[in-house]
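For the sequence shown, my numbering assigns the number 1496 to the initial residue and increments by one for each residue that follows. Read through the structure below, which is laid out as structure tokens, and then see the notes.
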Amino acid sequence: MTVSDLPALNASLNAISAALLLGGYLSIRRGLHDRHRRFMFGALVTSALFLTSYVIYHALAGSTPYPYYDSTRPVYFAILIPHIFLATIMGPFIFVAIRHAWNGRFDHHRRITRWVWPVWMYVSITGIIIYLMLYQREAPAPAV
């Protein structure tokens, strides 16, 4: 695996995290507490692996500017800016939610996860969209 493979890995980890988050949500709605815990632990591990890979990629490759100057540019930044903001602030809230569950304070856990879960899901899904917009589009032809 090379540094250039890491964006695809990161998108895959985001997709896995989103699937695990959905599984965790559906499990708790059905009252399957142990299954919920396993799904959410998997989402946490997958997100931690993503964060590690993301930091390594950007430490080695730097930032990747959006190369297109067309109608997709404002859409890209409209997705990217809230994605970055929410991804930056959600970590502590996830750990508070985990601490409440760990300590058996499920009323507090439910109260915070009503906000944390949708944000975590949003960040996971928009991470995939950002990857697709940035890396899976044909590069523009050089100006002649």
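Each residue gets a CB set at the ideal place from its N, CA and C atoms; glycine is no exception.
State yes or no: is the beta carbon of residue i nearer than 9 Å to at least one beta carbon in chain B?
i: T1567; result: Protein chain content of the structure displayed is limited to a single chain, and chain B is not contained in it.
Note the first and the last residue of the continuous alpha helix (DSSP H) segment covering residue i.
i: S1542; result: 1528 to 1556
i: Y1617; result: 1601 to 1630
i: S1512; result: 1501 to 1524
i: Y1571; result: 1567 to 1597
With the cut-off set at 9 Å, would you say residue i and residue j are in Cβ contact?
i: A1538; j: W1615; result: yes
Roughly how many angstroms lie between the CA atoms of residue i and residue j, to the nearest whole one?
i: L1521; j: R1532; result: 12 Å
i: Y1561; j: L1629; result: 6 Å
i: M1585; j: Y1563; result: 29 Å
i: V1498; j: F1580; result: 25 Å
i: L1516; j: F1534; result: 7 Å
i: H1603; j: R1525; result: 19 Å
i: D1500; j: A1556; result: 11 Å
i: V1622; j: W1612; result: As written in the sequence, residue 1622 is Gly, which differs from the Val given in the question. Going by the C-alpha atoms only, they are around 15 Å apart.
i: H1578; j: L1527; result: 30 Å
i: I1523; j: F1536; result: 13 Å
Check the C-beta distance from residue i over to residue j and give it rounded, since I have them as a contact under 8 Å.
i: I1574; j: I1624; result: 6 Å
i: Y1617; j: P1502; result: Y1617 to P1502, Cβ: 19 Å. No contact.
i: A1513; j: I1593; result: Wrong, their Cβ atoms sit about 18 Å apart, outside the cutoff.
Closer than 8 Å is the cut-off here; do at least three beta carbon pairs connect the region 1507 to 1526 with the region 1536 to 1545? Yes, the region 1507 to 1526 is in contact with the region 1536 to 1545.
contact_flag[the region 1543 to 1562, the region 1601 to 1608] where n(CB pairs < 8 Å) is 3 or more: In this structure the region 1543 to 1562 does not touch the region 1601 to 1608; the number of beta carbon pairs closer than 8 Å is below three.
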